[in-house]
Amino acid sequence: MFKTLKRVFSYARPYLAYFVMTLLFAALGVSLSLAVPVFIGNAVDCCVGKGQVDFEKLGKIAAQLAIIVLASGFFQWLMSLFTNKMAFLTVRDLRADVFNKLERVPLKYIDGHTKGELTSRVINDIEIISDGLLQGFTQFFTGIITIAGTLIFMMTINVKIAVVVVLLTPLSFIAASKITKASHDSYIRQSMLRGKMVGLAEEMAGNQKIVKAFVYGDRAEERFREINREYGKIGTKATFFSSMTNPTTRFVNGLIYAAVGLLGALGAMGHSAFVGAMSVGKLSSFLAYSNQYTKPFNEISGVFAELQNAVASAQRVFDVLDEEEIPDDSGKEVLTDCTGDLRFSDVCFSYTPDTKLIQNFSLDVKSGMRVAIVGPTGCGKSTIINLLLRFYDIDSGKIEISGRNINDITRNSLRSSFGMVLQETWVFTGTVAENIAYGVPDASREQIIEAAKAVYAHGFIKRLPQGYDTIISENSGLSQGQKQLICIARIMLMDPPMLILDEATSSIDLRTEQRIQKAFVKLMEGRTSFVIAHRLSTIKTADTILVMKSGNIVEQGSHSQLMALGGFYSQLYNSQFAS
Amino acid sequence: MLGIIGGTGCGKTTLANLIPCYYKATEGEVLVGGENVRNCDLDQLRRNIGTVPQRAVLFSGTIRENMKWRDPAATDEQIIAALKTAQAWDFVSRMPDKLDTRISQGGKNLSGGQKQRISIARALIGKPDILILDDSTSALDYATDLALRKALREDMAGTSVIMISQRTTSLRDADLIIVMDDGEAVGMGRHDELVENCQVYSEIYRSQMNEKEDGSNVQNA
Numbered sequence: 032m033f034k035t036l037k038r039v040f041s042y043a044r045p046y047l048a049y050f051v052m053t054l055l056f057a058a059l060g061v062s063l064s065l066a067v068p069v070f071i072g073n074a075v076d077c078c079v080g081k082g083q084v085d086f087e088k089l090g091k092i093a094a095q096l097a098i099i100v101l102a103s104g105f106f107q108w109l110m111s112l113f114t115n116k117m118a119f120l121t122v123r124d125l126r127a128d129v130f131n132k133l134e135r136v137p138l139k140y141i142d143g144h145t146k147g148e149l150t151s152r153v154i155n156d157i158e159i160i161s162d163g164l165l166q167g168f169t170q171f172f173t174g175i176i177t178i179a180g181t182l183i184f185m186m187t188i189n190v191k192i193a194v195v196v197v198l199l200t201p202l203s204f205i206a207a208s209k210i211t212k213a214s215h216d217s218y219i220r221q222s223m224l225r226g227k228m229v230g231l232a233e234e235m236a237g238n239q240k241i242v243k244a245f246v247y248g249d250r251a252e253e254r255f256r257e258i259n260r261e262y263g264k265i266g267t268k269a270t271f272f273s274s275m276t277n278p279t280t281r282f283v284n285g286l287i288y289a290a291v292g293l294l295g296a297l298g299a300m301g302h303s304a305f306v307g308a309m310s311v312g313k314l315s316s317f318l319a320y321s322n323q324y325t326k327p328f329n330e331i332s333g334v335f336a337e338l339q340n341a342v343a344s345a346q347r348v349f350d351v352l353d354e355e356e357i358p359d360d361s362g363k364e365v366l367t368d369c370t371g372d373l374r375f376s377d378v379c380f381s382y383t384p385d386t387k388l389i390q391n392f393s394l395d396v397k398s399g400m401r402v403a404i405v406g407p408t409g410c411g412k413s414t415i416i417n418l419l420l421r422f423y424d425i426d427s428g429k430i431e432i433s434g435r436n437i438n439d440i441t442r443n444s445l446r447s448s449f450g451m452v453l454q455e456t457w458v459f460t461g462t463v464a465e466n467i468a469y470g471v472p473d474a475s476r477e478q479i480i481e482a483a484k485a486v487y488a489h490g491f492i493k494r495l496p497q498g499y500d501t502i503i504s505e506n507s508g509l510s511q512g513q514k515q516l517i518c519i520a521r522i523m524l525m526d527p528p529m530l531i532l533d534e535a536t537s538s539i540d541l542r543t544e545q546r547i548q549k550a551f552v553k554l555m556e557g558r559t560s561f562v563i564a565h566r567l568s569t570i571k572t573a574d575t576i577l578v579m580k581s582g583n584i585v586e587q588g589s590h591s592q593l594m595a596l597g598g599f600y601s602q603l604y605n606s607q608f609a610s
Numbered sequence: 020m021l022g023i024i025g026g027t028g029c030g031k032t033t034l035a036n037l038i039p040c041y042y043k044a045t046e047g048e049v050l051v052g053g054e055n056v057r058n059c060d061l062d063q064l065r066r067n068i069g070t071v072p073q074r075a076v077l078f079s080g081t082i083r084e085n086m087k088w089r090d091p092a093a094t095d096e097q098i099i100a101a102l103k104t105a106q107a108w109d110f111v112s113r114m115p116d117k118l119d120t121r122i123s124q125g126g127k128n129l130s131g132g133q134k135q136r137i138s139i140a141r142a143l144i145g146k147p148d149i150l151i152l153d154d155s156t157s158a159l160d161y162a163t164d165l166a167l168r169k170a171l172r173e174d175m176a177g178t179s180v181i182m183i184s185q186r187t188t189s190l191r192d193a194d195l196i197i198v199m200d201d202g203e204a205v206g207m208g209r210h211d212e213l214v215e216n217c218q219v220y221s222e223i224y225r226s227q228m229n230e231k232e233d234g235s236n237v238q239n240a
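Same order as they appear, the protein sequences are chains A and B. Using my numbering, the letters of the first sequence map in sequence onto residues 32 to 610. Using my numbering, the letters of the second sequence map in sequence onto residues 20 to 240.
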């Protein structure tokens, strides 16, 4: 825990000045506010009885009091200003570090975590650190000063009553902590049930059509009713206990207040030898202190809970930061003159050691050649992409591009020599022109239009309301096929020497599909291409076909070679004539 | 088997939606078993119809729980038989927990093709009188698609299958094909008749033929 704390504070170190200011103003603000009851007490003592009011002195005290209250308020404002500054600047740095880290961890790490989990670390956990650790610390500090200050002031007024206060205060905490524990357990169960309830409601409401089709409504209702009933029960319990906390502590605090008041009053009337003599003004200051004294205890216990939360969050954030990174390759050679020649020699690869996937795979691809990858559903087409682009590294053997081992060149230059069009299209919110120019930001409008024309996208773009300046987004009403055409134009403009294409087109109307097909053919002209092939024409005209089955490359060769082989490929091919 | 074919947004799904009465026909009537669906008890009507939606949706819970949606009393034998017909038992039986395999919310731990097959199997439990497959084999490779159609024919003999598709190959052996274009039925008949007589159908057929030379494709998703 302390290691984590230390690490969080190492992020705060650049803002040490703010931190010191925070402490300084906290001390000033709190001690001034602590002085207030003294002045009030003195003021009360100016009003001894009917006709015995020292108005001159009273006026003076009132003026001093006003200044002190204003100054105290001002310092406390400065304090929270600096706390927030420190907290926000610190977590800003931390957030930037985590975000940058996510760019540097291997894809494997990102793949292994849900999107929500990672987002939650970057956003929520860091927010909790800011609230809990940094702002909590200031609360903690002012709390301590208040407790120490009130204690000292009470001691100076009357040691005996002060001791009574100190002895009685724990009563209030014992009562509070007993109740809090009971309500905490119920709250945990409640939030668990809430999660279940929201999940169920989301699934059932979001898929109404299926619920209706399967006449599941009554059963869904029954499931919901059950969770809801439990939720109601637990919720009532939790609320009952938590609403008990405040009245109970108040009651106990009231008792303490009454005891102090009673003892003090006895003293002020001169009836108690135990308390000793005490003025009414002193008694009123004392009562004010005894009231202030108990308050920070509750705050501090709250801070501890938040602190624990924050440390847990910080630990999660640091876990991300400590994740192993992709080794830095900035010192490596930059691939500039890629010819499009590619060679796999004895490549072996598997995601986990116990399931062997690709073994001793060799392939020589000359510039401009077309390699078709075929195989049934789930055969591992993405493995080839992962290896070519070095999202994963091969276990043994080597892959060479233009005669250079891909491990010896920078990842960026390797990846930028590939153009990729997959089934999952990707457009961002921006104009059509910006989307096409994504890979070549300084492309001229003429170049953009030329690329769009080349891949048969110009026609539909022209018909959009603002043509190339139409703002589009993932959900802006462009069809899947139109988005795909924009992605193809993007690659056309980038003009990479090598391509990775996925021919799969589902839910695209026929005419667009044909256009995409033509665009692909155009794009492949003169480029080394890897095509995840679905069309017989593509497969038949490919220079080499890689036949994949459950992650392995089981056969390779041209269409006629593979047919002559009479293996898995010919089976696959023949199954098409079976209907 | 009844086939419905047509391009995106031509009204195929709308037509199918009228059968379980998600929407009521504004004019005319839809008869199931001779009775107007307007007058049917909706729950009773829908219990007799197995539906496989375009987007395969599974619910959080085990595969067994998902398979029991049509009938909470379905036995493991029934479930396995349905999974076999839907060509899903092959991969489910290879999962370490088999029917107890947990499906995360939205079925994120399964591939598109696996989800489609489970969602088909789910609709087969209890052998409904009518089975509606709304373009629900798009993520399956050709061989699996073919095996599925064959199994449906054999195992679900007493069920009227309504298959919505964009591909002529999937509907070749249908008893009747309705060709939809822009919300209207522009042709009705068997495959061979439609190739001869229906312009829209023969256009779709020919373009799929030309593109793939033999009118089919090697799937690979």
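All C-beta atoms, glycine included, are put in the ideal place defined by N, C-alpha and C.
So which residues on chain B does residue i lean against when the C-beta distance must stay under 7 Å?
i: F692 of chain A; result: Missing from the structure shown is residue 692 of chain A; chain A here goes from 32 to 610 and no further.
Could you give the DSSP three-state label for residue i: helix, strand or coil?
i: D5 of chain A; result: Since the first residue shown for chain A is 32 and the last is 610, residue 5 of chain A is missing from the structure and cannot be characterised.
i: L112 of chain A; result: helix
i: N506 of chain A; result: coil
i: Q587 of chain A; result: strand
i: E84 of chain B; result: helix
i: L554 of chain A; result: helix
i: Q83 of chain A; result: coil
i: F459 of chain A; result: coil
i: I531 of chain A; result: strand
i: V49 of chain B; result: coil
i: L495 of chain A; result: coil
i: D164 of chain B; result: helix
i: I563 of chain A; result: strand
If I measure Cβ to Cβ from residue i and keep anything under 6 Å in the same chain, skipping five residues before and after, which residues do I get?
i: S214 of chain A; result: A269, F272, S273
i: S103 of chain A; result: G60, L63, S64
Within its chain, find whatever has a CB closer than 8 Å to the CB of residue i; leave out the 5 residues flanking it on each side and keep chain order.
i: T572 of chain A; result: R401
i: V291 of chain A; result: I192, V195, V196, F317, L318, S321
i: D233 of chain B; result: With a pLDDT of 39 at D233 of chain B, under the threshold of 50, the modelled position of this residue cannot be trusted, and the question is left open.
i: K412 of chain A; result: I404, G406, D533, I563, M579
Kindly say whether residue i, judged by its beta-carbon, lies nearer than 9 Å to any beta-carbon of chain B.
i: P68 of chain A; result: no
i: L593 of chain A; result: no
i: L530 of chain A; result: no
i: L603 of chain A; result: yes
i: P407 of chain A; result: yes
Identify the contact partners of residue i in chain A, using a Cβ-Cβ distance below 7 Å as the criterion.
i: R186 of chain B; result: Residues of chain A passing the Cβ test: none, with the nearest at roughly 10 Å.
i: V76 of chain B; result: N238, I241
i: D109 of chain B; result: Per Cβ cutoff of 7 Å: no residues; D109 of chain B is ~11 Å from chain A at best.
I'd like the list of long-range same chain contacts for residue i, defined as Cβ closer than 7 Å, with 5 residues on each side in sequence excluded.
i: C22 of chain A; result: For residue 22 of chain A there is no data in the structure shown, the boundaries of chain A being 32 and 610.
i: V61 of chain A; result: T173, I176, T177, G180
i: D128 of chain A; result: L352
i: K231 of chain B; result: Legend: pLDDT at K231 of chain B = 45, less than 50; position of this residue unreliable, value from coordinates given subsequently. Contacts found: none.
Anything in chain B within Cβ reach of residue i, meaning under 9 Å, just list it in chain order.
i: R256 of chain A; result: Going along chain B, no residue has its Cβ under 9 Å from R256 of chain A, so there is no contact; the nearest lies around 16 Å.
i: R250 of chain A; result: W88, P91
i: G371 of chain A; result: Result: empty, since nearest Cβ-Cβ is about 24 Å, beyond 9 Å.
i: L14 of chain A; result: Residue 14 of chain A lies beyond the stretch modelled for chain A, which goes from 32 to 610, so this question has no answer here.
i: F388 of chain A; result: According to the sequence as given, residue 388 of chain A is Leu; it is not Phe. What L388 of chain A touches in chain B: nothing, since even the nearest Cβ is about 16 Å away.
Answer with yes or no whether the minimum CB distance from residue i to chain A is below 9 Å.
i: Y161 of chain B; result: yes
i: T178 of chain B; result: no
i: D148 of chain B; result: no
i: K211 of chain B; result: A small correction: the amino acid at residue 211 of chain B is Asp; Lys does not occupy that position in the sequence shown. Cβ-Cβ to chain A under 9 Å: no for D211 of chain B.
i: D201 of chain B; result: no
Could you tell me which chain A residues have their CB closer than 9 Å to the CB of residue i, listed as they occur along the chain?
i: R65 of chain B; result: K243, A244, F245, V246
i: Y41 of chain B; result: K240, K243, A244
message: Can you confirm whether the stretch 552-571 of chain A touches the stretch 433-446 of chain A when touching is taken to mean that 3 or more C-beta pairs between the two stretches lie within less than 8 Å?
response: no
- prompt: Is the stretch 149-164 of chain A touching the stretch 381-393 of chain A in the sense that three or more CB pairs, one from each, lie closer than 8 Å?
  reply: no
message: Check whether the stretch 405-424 of chain A and the stretch 458-468 of chain A touch, using three or more Cβ-Cβ pairs below 8 Å as the test.
response: no
query: Would you call the stretch 138-145 of chain B and the stretch 91-103 of chain B touching, i.e. three or more CB-CB distances under 8 Å?
result: Note that the stretch 138-145 of chain B touches the stretch 91-103 of chain B; at least 3 beta-carbon pairs, one per stretch, sit closer than 8 Å.
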